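Order-wise, the sequence lines are chains U and E. Residues in the first sequence are numbered from 1 upward in steps of one, following my numbering. Residues in the second sequence are numbered from 610 upward in steps of one, following my numbering. Virtual Cβ for every residue (Gly too), placed ideally from N, Cα, C. Predicted model, so just to flag it, every value in this text is computed and none were measured. Contents: one structure, followed by commentary.
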Amino acid sequence: MTVDAMPLVIGALCVMAIFYRYYHGFIAAKVAVLDDTRKTPAYTMYDGQNYYPTNKWVLFGHHFAAITGAGPLIGPVLAAQFGVLPGYLWILIGVVLAGAVHDFIIFFASVRHGGKSLAEIARTQISPLSGFIASIAILFILVVALAGLGLAVVNALAESPWGVFTIGCTIPIALFMGLYMYRFRKGRIAEGTLIGVILLMLAVIFGKDVANSSIAPYFTLPKARITLFILLYGFVASILPVWMLLCPRDYLSAFMKIGTIAFLAIGIILVNPELKMPLVTDYIHGGGPIIPGTLFPFAFITIACGAISGFHSLVASGTSPKMVSKESDIKTIGFVAMLIEGFIGILALIAATALHPGDYFAINVPPAVFEKLGISVVNLEQLSAEVGENLAGRTGGAVSLAVGMAQVFSSIPGMRHLMDYWYHFAIMFEALFILTTIDTGTRVARFMIQEFGGKLYKPFERVDNLPSAVISSALVSAAWGYFVFTGTISTIWPMFGTANQLLAGIALCVGTTVIISLGRVKYAWVTLVPMAFVMATTLSAGWMNITHNFLPLTRKEGHALQGYVNTLLTALIMVCAVIILLDSFRCWYRMVFVEKRGIEVIKGEVASD
Amino acid sequence: MHPIKKASVIIVRENDATGGCICCAGGMGEFARKDPSYDSIRKVAEECGKLHRNIREVFGEDRVEIIQIEPRAYMYLMPKILKEVLRFKPSLSLVIRTLFFLYPVPTVIVNGKPIGMGRVPSVEEVVEELKSTHSL
């Protein structure tokens, strides 16, 4: 049985609207008890620079742009191996009951704690140990996330001269934009961005000529070499001044992201594609060729950011709470931004499941494995001819998403003959902001390592200390690069999903602690239930990953080290989460049974400042 | 009686803490403060913060609406500025300039008119502009 996309799109919008109106309204009114008479940090800590009241819609745009990354696009595409329904239902249920609640409650907690970060709230609300463990967990999670996303780009660009040329061009384009906006014509951001976007489009268009020319072999690179280039890029970009690459690339990514996602939404509504993937596949029982393991827990960790993402807690306790002008704005910003993220996840799922199952698996599984599946391709040859690339065995999710998107775009009347351009545009769009993520993530992880190193040797924490910057950047790049070199999407993505969701579990622990500390223990279930589910899912996924995937890997010749490293990292992240969970239990017990915080505390006594 | 509409000050400037793709990377956030290569962006942000505080001191919270915004927020800025130029009717060349973002950042747009383009204007300049166009 197959379905059309439109009922799923409309159904999702209706469910989100109903939950926003009633369930999220209940949480805002009864659990958080948003109070517009209470001054937010934008007023109490007002400095006009970092803390200042901001218009709700300006802040919404900023918050939404910050939480939207590559995760909600890639995760649902990989989870499509279980069929349309599991992914669709988890995104929908997860986003309304867990993801949006998670984002909102951390945003709210940070506002009530003077705009403090998640780790700081954990430190003050639970214990200093939890705060420290949260920082360590964030560092590990960053490394795994960068590896997962890096691998998606590597697999999309391998043996693709058009793709390599286009993505390669984004580096000199960003450098030129940086020089233009910050040196030649200082402050001309709009001009620089416009020139950058035009050059980017030209890179996509002329990429075809390059791929068909005599210089194509220079851009036809194997996976290993692309991994090396991306590794070097991450290392160099994280040391360079931000104005040279990070800032201009960020402007490009921001506009491409909003434009492409809006266009995809319009395209799906106009085209209303038929979803060829069955509602549920046999892989729900395990043995899936993309993500090994059964529906529970692996579908839940694979979808990642589309349903709930721990990274959002970093945004929700970052700049947004410092700028919110009144508490009721937290409801719109915290809940709706995440609901839209979930909607983007559904669009990605639709784009991928619009492919015939045979074509989808042929793209997402290595050819040798695909042969054993006993599934036949339907349009793969035609699709490969239309996009001008060999699509078979292009694992990682990015390619099938790009093919799905290109299929939707080129189904719009008058666009059919542009399939190859749309495909490479989609690849460029995905790679552009994955590389921005790699650039930022390596830099952030570098700062964290310098901070930890500074505790042992004080001068190491100075970020302008070049040897310290080089050593820590090399460590971070080598760490995520190791996983890209040695891993496959089947080993890395579940690790990324587990880590990301565990961070969400940690954040929900903090959220629960905040609710109890406010004396509203009877409403603690709003975060306790998703926390229990997320923790159960991710801890069992972590355990199954170790016992079913990584430990058997240690017994395989040539893979022993990889198996041990994966086991160790997954175990470390799990231990971090368990420590915070136990520390939270201890804290909740003290608050509920010793301090008797069962009744609502008087306004003003709230542990806000 | 119609309520008196607030005068408008839009401060367009870059922000250090929002730099970098945040989801799956953590974002620059608090770390941006440590990064010396953000110094020039941060210096402008400090000057804009000072201007923000000075305008508040002069006019309080009710008479002037101050918005500090990043240049990438075009989707919000475009209709907002369109509304302002229709309300305050500055000259055609200024309308074109503000609507199509033909100005260097930082810029302060007072009642639809950009002043101090590429630099943070003094509070006196802003106050003078506010008084001349809004009778404050």
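**Prompt:** Going by the beta-carbon positions, is the gap between Thr170 of chain U and Leu401 of chain U smaller than 9 Å?
**Reply:** Translated into the one-based positions of the first sequence, residue 170 of chain U becomes position 170. Translated into the one-based positions of the first sequence, residue 401 of chain U becomes position 401. Cβ atoms of Thr170 of chain U and Leu401 of chain U: not closer than 9 Å.
### Message
Residues of chain E with CB closer than 9 Å to the CB of Gly505 of chain U, please, in chain order.
### Response
The residue you call residue 505 of chain U lines up with position 505 of the first sequence. What Gly505 of chain U touches in chain E: nothing, since even the nearest Cβ is about 17 Å away.
(message) Please give the ranges of any alpha helix (DSSP H) in the stretch 99 to 145 of chain U, keeping only runs that are unbroken, at least 4 residues long and fully inside the region.
(response) 100 to 112, 118 to 125
**Request:** Taking only the alpha-carbon atoms, compute the straight-line gap between Glu371 of chain U and Leu380 of chain U and give it to the nearest angstrom.
**Result:** Position 371 of the first sequence, counted from the start, is the residue given in the question as residue 371 of chain U. Position 380 of the first sequence, counted from the start, is the residue given in the question as residue 380 of chain U. Cα to Cα, Glu371 of chain U sits roughly 14 Å from Leu380 of chain U.
TODO: Would you kindly report the start and end of the unbroken beta strand (DSSP E) that includes Val719 of chain E?
DONE: As a first step, residue 719 of chain E is located in the second sequence; it is residue number 110 there, counting from the start. Where Val719 of chain E is concerned, the enclosing beta strand (DSSP E) stretches over 716 to 719.
Legend entry - Endpoints, beta strand (DSSP E) assigned at Pro467 of chain U: Start at 1 with the first residue of the first sequence, and residue 467 of chain U comes out as number 467. Element bounds for Pro467 of chain U: not the beta strand (DSSP E) but the alpha helix (DSSP H), 466 to 486.
Pro723 of chain E lies in the beta strand (DSSP E); which residues open and close that run? The sequence position of residue 723 of chain E within the second sequence is 114, counting from 1. Run containing Pro723 of chain E: 722 to 724, per the beta strand (DSSP E) assignment.
Query raised in the report: Listing by chain order, which chain E residues have their CB less than 7 Å from the CB of Phe447 of chain U?
Result: Position 447 of the first sequence, counted from the start, is the residue given in the question as residue 447 of chain U. By Cβ distance, chain E contributes Phe640, Lys643.
Measuring only between beta-carbons, confirm whether Asn720 of chain E sits less than 9 Å from chain U. Here residue 720 of chain E corresponds to residue number 111 of the second sequence, with the count starting at 1. Output row for Asn720 of chain E: interface = no.
Next item on the list: Identify the contact partners of Asp103 of chain U in chain E, using a Cβ-Cβ distance below 9 Å as the criterion.
Entry: The residue you call residue 103 of chain U lines up with position 103 of the first sequence. Correct list: empty, because the minimum Cβ distance to chain E is about 11 Å.
Q. By Cβ distance, which residues of its chain are closer than 6 Å to Ile619 of chain E, with the 5 residues on each side in sequence left out?
A. Taking the first residue of the second sequence as 1, we reach residue 619 of chain E at position 10. The answer, listed in chain order, is Ile676, Ile718.
query = Among the residues of its own chain, which have a CB less than 6 Å from the CB of Met6 of chain U, if the five just before and after it don't count?
reply = The count along the first sequence starts at 1 and reaches residue 6 of chain U at position 6. Cβ neighbours of Met6 of chain U beyond the five flanking positions: Asn272.
Okay, do the stretch 518 to 537 of chain U and the stretch 283 to 294 of chain U touch, 3+ Cβ pairs below 8 Å being the bar? no
Practice problem: Using a Cβ-Cβ cut-off of less than 8 Å, give me the residues of the stretch 304 to 324 of chain U that come near chain E, in sequence order. | Solution: Cys305, Ser309, Phe311, His312, Leu314, Val315, Gly318, Thr319
Practice item. Answer yes if the stretch 336 to 354 of chain U comes into contact with the stretch 67 to 74 of chain U, meaning at least three C-beta pairs across the two stretches below 8 Å, and no otherwise. Key: yes
Residues that Ile678 of chain E contacts on chain U, provided the C-beta gap is smaller than 7 Å
For the purposes of this step, residue 678 of chain E is identified with residue 69 of the second sequence, where counting begins at 1. Result: Val58.
Alpha carbon of Asp91 of chain U to alpha carbon of Leu146 of chain U, nearest angstrom:
Translated into positions along the first sequence, residue 91 of chain U becomes position 91. Translated into positions along the first sequence, residue 146 of chain U becomes position 146. Inspection of the sequence shows that residue 91 of chain U is occupied by Ile rather than by Asp. If I take the Cα positions, the gap works out to 23 Å.
task: Under 6 Å Cβ to Cβ from Leu582 of chain U, same chain only, skipping five residues before and after it: list those, please.
output: Taking the first sequence and counting its residues from 1, the one referred to as residue 582 of chain U is at position 582. Contacts found: none.
Using a beta-carbon distance below 9 Å, is Cys576 of chain U in contact with chain E? Translated into the one-based positions of the first sequence, residue 576 of chain U becomes position 576. For Cys576 of chain U, the answer is no, since every Cβ of chain E falls outside 9 Å of its Cβ.
**OP:** Indicate whether the contact test is met: 3 or more Cβ pairs, each with one atom in the stretch 662 to 672 of chain E and one in the stretch 726 to 741 of chain E, closer than 8 Å.
**Re:** yes
- Query: the stretch 663 to 676 of chain E: which residues have C-beta closer than 7 Å to a C-beta of chain U, in chain order?
  - Reply: Ile676
Practice item. Determine which residues share a DSSP beta bridge with Gln677 of chain E and list them. Key: Numbered from 1 along the second sequence, position 68 holds the residue referred to as residue 677 of chain E. Gln677 of chain E pairs with E:Ile620.
Helix, strand or coil: how does DSSP classify Glu159 of chain U here? Reading the first sequence from its first residue, position 159 is the one you call residue 159 of chain U. Note: Glu159 of chain U maps to coil in three-state DSSP.
Close Cβ partners of Met726 of chain E (< 6 Å) along its chain, the five nearest in sequence each way excluded
By 1-based counting over the second sequence, the position of residue 726 of chain E is 117. Closer than 6 Å at the Cβ level, and outside the excluded window around Met726 of chain E, lie Tyr712, Pro713, Thr716.
Give me, in chain order, the residues of the same chain whose beta-carbon lies closer than 8 Å to that of Val365 of chain U; leave out the 5 immediate sequence neighbours on both sides.
As a first step, residue 365 of chain U is located in the first sequence; it is residue number 365 there, counting from the start. Cβ within range, chain order: Pro289, Ile290, Leu373, Gly393, Thr395.
Q.
Counting only Cβ pairs nearer than 7 Å, list the residues of chain U close to Gly727 of chain E.
A. Numbered from its first residue, the second sequence carries residue 727 of chain E at position 118. In chain order: Lys186, Gly187.
Three-state secondary structure assigned by DSSP to Glu600 of chain U | Walking along the first sequence from the start, residue 600 of chain U turns up at place 600. Confidence at Glu600 of chain U is low in this model, with a pLDDT of 49, below 50, so its placement is unreliable and the value that follows should be read with caution. The answer is coil: DSSP assigns Glu600 of chain U none of H, G, I, E or B.
- Where Gly721 of chain E and Lys689 of chain E are concerned, what is the direct C-alpha to C-alpha distance, given to the nearest angstrom? Locating residue 721 of chain E in the second sequence gives position 112, where the first residue counts as 1. Locating residue 689 of chain E in the second sequence gives position 80, where the first residue counts as 1. Going by the C-alpha atoms only, they are around 9 Å apart.
inquiry  = Buried or exposed, going by whether 16 or more other CB atoms sit within 10 Å of the CB of Ile10 of chain U?
reply    = On the first sequence, position 10 is the one that residue 10 of chain U refers to. With fewer than 16 other Cβ atoms within 10 Å, it is exposed.
Query raised in the report: Would you say Met448 of chain U and Ser517 of chain U are within 9 Å of each other, going by their C-beta atoms?
Result: As a first step, residue 448 of chain U must be located in the first sequence, where it is residue number 448. As a first step, residue 517 of chain U must be located in the first sequence, where it is residue number 517. No, the Cβ-Cβ distance between Met448 of chain U and Ser517 of chain U is not below 9 Å.
Boundaries of the alpha helix (DSSP H) in which Thr44 of chain U is found, first to last residue: For the purposes of this step, residue 44 of chain U is taken as the residue at position 44 of the first sequence. It spans 41 to 44 - the alpha helix (DSSP H) in which Thr44 of chain U sits, taken as one unbroken run.
When we look at the beta-carbon of Glu461 of chain U and count the other beta-carbons within 10 Å, is it buried (16 or more) or exposed? Locating residue 461 of chain U in the first sequence gives position 461, where the first residue counts as 1. So Glu461 of chain U counts as buried.
message = Any beta carbon from chain U within less than 9 Å of Met687 of chain E's own beta carbon?
response = Mapped onto the second sequence, residue 687 of chain E falls at position 78. No - not a single Cβ of chain U is within 9 Å of the one on Met687 of chain E.
- Message: Please return the same chain residues whose Cβ sits closer than 6 Å to the Cβ of Met193 of chain U, not counting the five positions on each side in sequence.
- Response: Here residue 193 of chain U refers to the residue found at position 193 when the first sequence is read from its first residue. The question names Met, yet the displayed sequence has Thr at residue 193 of chain U. Excluding residues within five positions, the ones whose Cβ falls inside 6 Å are Tyr251.
*CB-CB under 6 Å to Phe104 of chain U, same chain, minus the five flanking residues each way: which ones, in chain order?*
Indexing the first sequence from 1 puts residue 104 of chain U at position 104. The residues are Gly334, Phe335.
Would you list, in chain order, the members of the stretch 517 to 545 of chain U that have their beta-carbon closer than 7 Å to a beta-carbon of chain E?
none
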